[in-house]
Amino acid sequence: MKIISIRDIHIGEGLPKVIVPLIGKDKDFLLNELPLVKESAPDIVEWRVDLLQGVENLEVVKDTLSYIRNFLYPIPLLFTFRSHKEGGSTVIESTYYKQLLREVIQTKEIDLVDIELFSEDVEELVALAKDFQISVVMSSHDFKGTPPKEIIIERMTTMQKLGADIPKIAVMPSSPADVLTLLDATYTMYSTYADRPIITMSMAKAGIVSRMAGEIFGSAATFGSVLSASAPGQIKAAELKKVLKLLHNA
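Counting in the numbering used here, the sequence shown runs from 579 upward without gaps.
Have a look at this one:
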């Protein structure tokens, strides 16, 4: 299994890594949020840039990114624009999505970039990220339900083929059986097909167990909040860390 290392953080080794999202809508919000996020000692910080007012302005994005980077370094930074169709807050044209990722990758002020599996020009964006030594988290988010196990595995193996350093999938359960489907798919992918770290989760309250049991089933990272959750079912990072350590030491 390949380990993805960013400074002293080794994804795919040991405890699942805790990723804490930045959800500030503007610099004033971020001024208050950033110290709290840093104090929580996350393994990785995810900047959910789709929540930023002015995200349609590249200079605003890059200026804010520099501020975030300088404040948080050396904590690894994951840059994510979550599209509206996959649960994000802002609708943008696909051409701007591509331009945004291209511009941000070339700043070299991020360590990881989220590229959605079903976005346009995926391979081109992956190639650019690799040129700039940026790790790719390739993602798929299904807010309408939980696909069959075979589809979940197919999506993650496709991500591997497309060059993702870390395939990521999130699904919405309608029953505990859906959570079991996600966990079964995760373990099968991890034990049979994956040659790199993967991240999986079942969302909402029903899926909380999937966010805590990654070390058992094969998910290499999980998301925990400091302020508000950026996705259904996220729990506080401090509580999440306690559970992860409890399971690890059991």
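Cβ coordinates follow ideal geometry from the N, Cα and C atoms, glycine included. Keep in mind it's a predicted model, so treat the numbers as computed, not measured.
Residue span of the beta strand (DSSP E) that contains residue i, given as start and end
i	result
E624	I622 to R626
V596	K595 to L600
S788	Here S788 belongs to no beta strand (DSSP E); instead the alpha helix (DSSP H) covers I786 to M790.
Whole-angstrom C-beta distance between residue j and residue i, which should lie under 8 Å
i	j	result
R582	G590	Position check: residue 582 holds Ile in this sequence, whereas Arg was assumed. About 6 Å separates the two Cβ atoms, so the contact holds.
S672	A815	Not quite, the Cβ-Cβ distance comes to about 32 Å (not below 8 Å), so this is no contact.
V821	M790	5 Å
L609	W625	Not a contact, Cβ separation roughly 14 Å.
I597	T800	7 Å
A763	I731	5 Å
I712	D689	7 Å
R647	E611	Their Cβ separation, rounded to whole angstroms, is 15 Å, which puts R647 and E611 out of contact at 8 Å.
Y675	S661	7 Å
Bridge partner(s) assigned by DSSP for residue i
i	result
P745	M716
M779	A748
T673	Per DSSP, none; premise fails for T673.
F657	W625 and V691
S583	H588
T668	S661
Range covered by the alpha helix (DSSP H) that runs through residue i
i	result
T642	L636 to L650
G802	Looking at the DSSP string, G802 is not in any alpha helix (DSSP H); the run it does join, the beta strand (DSSP E), is A799 to S803.
H662	Run containing H662: none; DSSP gives neither H nor E here.
R733	K727 to K739
A815	A815 to N827
Y765	P754 to T766
V700	V700 to D709
V615	K605 to E617
Sequence-distant residues of its chain with Cβ nearer than 8 Å to residue i (five each side left out)
i	result
P726	T759
A567	This structure cannot settle anything about residue 567, because the visible part of the chain is limited to 579 through 828.
R680	L703 and L706
A651	In the sequence as displayed, the identity of residue 651 is Tyr instead of Ala. Excluding residues within five positions, none has a Cβ falling inside 8 Å.
R774	M579, K580, I582, G590, Q738, A742, D743, I744 and P745
Same chain, Cβ closer than 6 Å to residue i, five either side skipped, listed in chain order
i	result
I653	V623
G632	V638
S769	none
K756	In the sequence under discussion, the amino acid at residue 756 is Asp, which differs from the Lys named in the question. Excluding sequence neighbours, D756 sits near T724.
L643	E687
Beta-carbon contacts of residue i that lie in its chain and below 7 Å, excluding the five residues immediately before and after
i	result
Q684	F710
V700	I693 and L740
V615	V598, L600, V623 and V804
- Assess, as a yes-or-no matter, whether the stretch 694–701 is touched by the stretch 711–724 under the definition of 3 or more beta carbon pairs within less than 8 Å. yes
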